[in-house]
Amino acid sequence: MNIVNESGKRKCATAHVTIKKGNGKVYINNIPLEIYTPLLSREKIMEPLLLIGSKRNEMDIHVNVKGGGVSGQASAIRTAISRGLIAYLDDPSIQDIIKGYNRYLLVNDTRRKLPKLPNGRGARSKRQKSYR
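Here the sequence shown is numbered in this note's numbering, starting from 12 and rising by one per residue.
Listed below in structure tokens is the structure:
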């Protein structure tokens with residue numbers, strides 16, 4: 012039996028995916044993808060599944076995701092699913108399709124938040140001076 016484990020990261024979110032033979036069910040933290048909220052995150056997660064077409068009905072996908080916010084988790088999940096699909100299906104044409112659609116489906120996004128600096132409320136803002 013062919014089972015694939017992959018992971019994806021975005022900001023502070025980390026997603027671990029397990030893909031095995033099945034009938035096309037997708038679960039995220041034991042919640043079916045069909046009722047996963049918010050809708051924008053669900054559509055973002057569906058992107059790699061829509062790219063492979065009817066082949067998605069041959070496998071079950073289970074995802075565990077921790078950390079970060081809603082958007083970071085969705086990006087981590089879709090990266091993990093894309094990597095898992097390439098490893099599970101072992102077809103170079105699928106990798107070309109996914110890479111042609113969006114590079115960040117296969118590569119972790121390394122951008123991080125800037126730290127807060129002195130004399131300000133955040134990373135870029137500074138206290139204003141008044142000379143009058």
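Note that the Cβ used here is the ideal one computed from N, Cα and C, for glycine as well.
Taking buried to mean at least 16 other C-beta atoms within 10 Å of its own C-beta, is residue i buried or exposed?
i: Pro103; result: exposed
i: Arg89; result: buried
i: Leu96; result: buried
i: Arg138; result: exposed
i: Ser93; result: buried
i: Ile72; result: buried
Do residue j and residue i have their beta-carbon atoms positioned less than 8 Å apart in this structure?
i: Leu116; j: Pro49; result: no
i: Ala91; j: Val37; result: no
i: Tyr99; j: Met70; result: yes
Measure from the alpha carbon of residue i to the alpha carbon of each residue in the options, then state which is nearest.
i: Pro126; options: Arg135, Lys77, Asn68; result: Arg135
i: Asn4; options: Ser18, Asn113, Lys36, Gln139; result: The question about residue 4 has no answer here: the residues shown for the chain are numbered 12 through 143.
i: Ile14; options: Lys31, Ala26, His27; result: Lys31
i: Lys110; options: Gly35, Leu62, Asn16, Ser52; result: Leu62
i: Gly78; options: Asn40, Gly33, Ser141, Asn68; result: Asn40
**Study point:** Sufficient close CB pairs (3 or more, under 8 Å) joining the region 79-98 to the region 21-29
**Key:** yes
Practice item. Decide yes or no for the touch test of the region 94-113 against the region 127-143: beta carbon pairs closer than 8 Å, at least 3 of them. Key: no
Check your understanding: Which runs of the alpha helix (DSSP H), 4 residues or longer, sit entirely within the region 32-118?
Key -> 50-63, 81-100, 103-112
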